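Protein chains in written order, with our numbering: chain Y, 205 to 651; chain V, 205 to 651.
Below is one structure, written out as structure tokens, with a few remarks after it.
So this is what it looks like as structure tokens:
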């Protein structure tokens, strides 16, 4: 008989044990299959998009991109189109004056380690409007209630290189009443969640996205919005808005949908849709079986990255306050041309090949000393769409002689300034948020 | 010989005289012509879009819209596509401690009265990057300078029912040095500009858009961003963000480009592209001659509205502070599904026909008493694209017994809260901004 882990208000080590236990005791089989064996999914000959026969879930479509940002001005690629806005929700509750988060041990077939720490609720709109006549997701009513006590409630974007304008509602609520929960859930503190992020591939992308919305410098987690410049800030909010306007005017992004069959440099075989040089990523078909007592089985397309990526912030104490190097980055799926990205973000390219000084700050990050590294772990991307994809997440403290002068599409922002932009739609991208989620404190120092 | 008007630091009456003088002394001829007579513009048989042979300026394209907002769920219409972000810029300068705005008497052929008060600079990107090898617009360098002293600098949207995701950079800068200007320009105060808005069709749309970005309740015109609820505010910023997330999730907007030739219910004749029931608006061809000494002549398409529209805010003092009824409105050209619009906005429909209680607050606005009307004038839309289009702009104070309960896509916001959203892209639409521009003071009272 499996050991029972008592897991309310347990130590972080016990949480890891619990997740490992869950992982050891779940049966997950994921197998790559040919597209001809995938059930209810087809590439429409006319529109050239790969979709489910119900028209629901998501589709894989072809796009042609024109931009004046970066070295490559025009390319074509497949992209995931999932227009529905889902809910990523966390329930919190105070026990003895400390806020606890109700987290879920959730299986996602694409995860390297299957079970990761997930928000209380992850639901697509089809889920929660019961289009599929499935059962209502647990805890959904808490988030749909009109009388909820909301801590944060924001629309946040996902990977612009992989998703066409996808967003989820990131929401944290606080309850006062007793909540029932089963062995797949556990109460933990914000600090514990952040401690778990110091381990590889334990805290899932959706959790990181939601947690990032909390400002750790403020007791009520609110952003500090100030128009005029504070003494310690290198730029005022007004300066930053002006810089963002500059970037949106300078850079163009024109995305047109085309048939997957017409994608230049991409090949469609029965096993995958892939770039002719095996670069970037492929779309594959998978057969998934999950369960021990209750068995669930389905087939679906997934995206498999050609290699791991790197997301890194370079930070520096300026005027006694930590500033981050933020990048204005154009990605194909962005809603509004640019989003604000980490200092270095090479999710899909092979950064070892392009690491000859072409990509600003890449070599600086890769050559950083151990004592410059505040944070350096591998984190998974969403296991429902991505097949075993992990990216290196790093926060690097710049050395004393690091120049304040940056290329024109980079700027210094403080943690509080970044949080001012987080609360408004489509400013801070998921890679930046994933890194911010790890931060426990950020004022004169960062940790 | 024409009378000379000395016009530095002159009274508002003298400014009106100066504009009238300019109007009387300019020669403008605008004539409707058949499309077959329009020079260098054609409807492309293949793409079905009406565009200039250079591919510049703007084009008229066909779109098909699907939405779950409002009574009509799917329709087709022509729309203006002008993807370049232009500059609407005002230069300000302090004289004896008072801020003065350098405003221009500018001819626009579509204006009812030709000459209206315009920002110091109105320039498209083609203008200012000199794609057409024309002369550099006056004062451009001030706005492109890296060392400008910026008061506001924001990307703001234009009419979502007429433009496909069009935005302009709205910018106000402050200079210290002497500025040369000719008889087409005049220094005036913010109060004077707002006084001029109390007259019909004097202050052009671009000026109203820029002026609206200034918060009259703050000496430095900055927004007041506060996450937690102030005593007087009905909702906190957090509540408002949550409501906006609700609206963006509830409402969908799917816009596809189609050929003008395929537009359902629209007819293309040699004289106009019009709705079969003559509703909404038409696209016409015009022949324009402007000038007295130097004569300029060109032909271009313009949009002619089927009737005047109405933009109105209903406001009410709640907890001793004026609150506005804001509407979440879906329009075809919106970048992000909804924008925040006035309480009543019926720009293109015939509101007298639909005024049978279907459109919330319309009858309330139309039946308001004189003493409820803070503001009631006719204001022009942009005279470079719209043919003699004016809309009634009204601000109405609700009576004491007016219910605080609103339909779910309406919410109460204070003036300062609206200003928090103004500084971020694509929240407050041009019709709302046009009304805000008229406001001189807004706290316990509004005027």
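Think of the CB as a built atom: it goes at the ideal place given N, C-alpha and C, for glycine as much as any other residue.
None of these values were measured; they are calculated from a predicted model.
Does residue i come out as helix, strand or coil in the three-state DSSP assignment?
{"i": "residue 634 of chain V", "result": "helix"}
{"i": "residue 568 of chain V", "result": "helix"}
{"i": "residue 319 of chain Y", "result": "strand"}
{"i": "residue 525 of chain V", "result": "strand"}
{"i": "residue 276 of chain V", "result": "coil"}
{"i": "residue 309 of chain Y", "result": "strand"}
{"i": "residue 473 of chain Y", "result": "coil"}
{"i": "residue 412 of chain V", "result": "helix"}
{"i": "residue 558 of chain V", "result": "Since pLDDT at residue 558 of chain V reaches only 49, below the 50 mark, its modelled position is unreliable, and the value read off the structure follows with that caveat. Of the three classes helix, strand and coil, the one that applies to residue 558 of chain V here is helix, per DSSP."}
{"i": "residue 260 of chain Y", "result": "coil"}
{"i": "residue 628 of chain V", "result": "coil"}
{"i": "residue 217 of chain V", "result": "helix"}
{"i": "residue 491 of chain V", "result": "strand"}
{"i": "residue 332 of chain V", "result": "helix"}
{"i": "residue 346 of chain Y", "result": "helix"}
{"i": "residue 449 of chain V", "result": "helix"}
{"i": "residue 602 of chain Y", "result": "coil"}
{"i": "residue 243 of chain V", "result": "coil"}
{"i": "residue 228 of chain Y", "result": "helix"}
{"i": "residue 376 of chain Y", "result": "strand"}
{"i": "residue 642 of chain Y", "result": "coil"}
{"i": "residue 650 of chain V", "result": "strand"}
{"i": "residue 352 of chain Y", "result": "coil"}
Is the Cβ-Cβ distance between residue i and residue j less than 8 Å?
{"i": "residue 291 of chain V", "j": "residue 305 of chain V", "result": "no"}
{"i": "residue 418 of chain Y", "j": "residue 356 of chain Y", "result": "yes"}
{"i": "residue 224 of chain Y", "j": "residue 398 of chain Y", "result": "no"}
{"i": "residue 627 of chain V", "j": "residue 444 of chain Y", "result": "no"}
{"i": "residue 529 of chain V", "j": "residue 547 of chain V", "result": "yes"}
{"i": "residue 375 of chain Y", "j": "residue 354 of chain Y", "result": "yes"}
{"i": "residue 465 of chain V", "j": "residue 531 of chain V", "result": "no"}
{"i": "residue 269 of chain Y", "j": "residue 604 of chain Y", "result": "no"}
With distances taken Cα to Cα, identify the nearest neighbour of residue i among the options.
{"i": "residue 216 of chain Y", "options": "Y:403, Y:422 and Y:448", "result": "Y:403"}
{"i": "residue 576 of chain Y", "options": "Y:525, Y:595 and Y:517", "result": "Y:517"}
{"i": "residue 591 of chain V", "options": "V:317, V:474 and V:528", "result": "V:317"}
{"i": "residue 571 of chain Y", "options": "Y:587, Y:529 and Y:600", "result": "Y:600"}
{"i": "residue 487 of chain Y", "options": "Y:220, Y:267 and Y:505", "result": "Y:505"}
{"i": "residue 276 of chain Y", "options": "Y:562, Y:568, Y:394 and Y:618", "result": "Y:562"}
{"i": "residue 350 of chain V", "options": "Y:339, Y:387, Y:313 and Y:450", "result": "Y:450"}
{"i": "residue 503 of chain V", "options": "V:634, V:235 and V:526", "result": "V:235"}
{"i": "residue 265 of chain V", "options": "V:345, V:226, V:363 and V:367", "result": "V:367"}
{"i": "residue 456 of chain V", "options": "V:386, V:538 and V:439", "result": "V:538"}
{"i": "residue 639 of chain Y", "options": "Y:595, Y:237 and Y:647", "result": "Y:595"}
{"i": "residue 373 of chain V", "options": "Y:447, Y:405, Y:380 and Y:393", "result": "Y:447"}
{"i": "residue 510 of chain V", "options": "V:565, V:477, V:261 and V:524", "result": "V:477"}
{"i": "residue 273 of chain Y", "options": "Y:619, Y:358 and Y:542", "result": "Y:542"}
{"i": "residue 371 of chain V", "options": "V:634, V:646, V:647 and V:535", "result": "V:634"}
{"i": "residue 583 of chain V", "options": "V:342, V:315 and V:352", "result": "V:315"}
{"i": "residue 636 of chain V", "options": "V:647, V:593, V:611 and V:550", "result": "V:550"}
{"i": "residue 499 of chain V", "options": "V:231, V:226 and V:213", "result": "V:231"}
{"i": "residue 407 of chain V", "options": "V:578, V:312 and V:436", "result": "V:312"}
Name the chain V residues whose beta carbon is nearer than 7 Å to that of residue i?
{"i": "residue 354 of chain Y", "result": "442 and 446"}
{"i": "residue 628 of chain Y", "result": "628"}
Give the DSSP bridge partners of residue i, in chain order.
{"i": "residue 623 of chain Y", "result": "Bridge partners of residue 623 of chain Y: none, in fact."}
{"i": "residue 367 of chain Y", "result": "Y:284"}
{"i": "residue 396 of chain V", "result": "Residue 396 of chain V is not bridged to any residue."}
{"i": "residue 270 of chain V", "result": "V:278 and V:458"}
{"i": "residue 403 of chain V", "result": "None, per the DSSP bridge assignment."}
{"i": "residue 190 of chain Y", "result": "In the structure displayed, chain Y extends from 205 to 651; residue 190 of chain Y sits before or after that span and is not available."}
{"i": "residue 357 of chain V", "result": "V:375"}
{"i": "residue 486 of chain V", "result": "V:478 and V:508"}
{"i": "residue 290 of chain V", "result": "V:372"}
Against residue i, what residues of chain V qualify as contacts under a CB-to-CB distance less than 8 Å, listed in chain order?
{"i": "residue 373 of chain Y", "result": "449 and 453"}
{"i": "residue 357 of chain Y", "result": "442, 445, 446 and 449"}
{"i": "residue 540 of chain Y", "result": "539, 540, 629 and 630"}
Output, in chain order, the set of chain Y residues within a Cβ distance shorter than 9 Å of residue i.
{"i": "residue 286 of chain V", "result": "The contacting residues do not exist; residue 286 of chain V stays about 13 Å from chain Y at best."}
So which residues on chain V does residue i lean against when the C-beta distance must stay under 9 Å?
{"i": "residue 348 of chain Y", "result": "Here the premise fails: no neighbours, minimum Cβ distance about 10 Å."}
Which chain Y residues are close to residue i, counting only those with a beta carbon under 8 Å from its beta carbon?
{"i": "residue 657 of chain V", "result": "Chain V is shown only over 205 to 651; residue 657 of chain V falls outside these bounds and no answer can be derived."}
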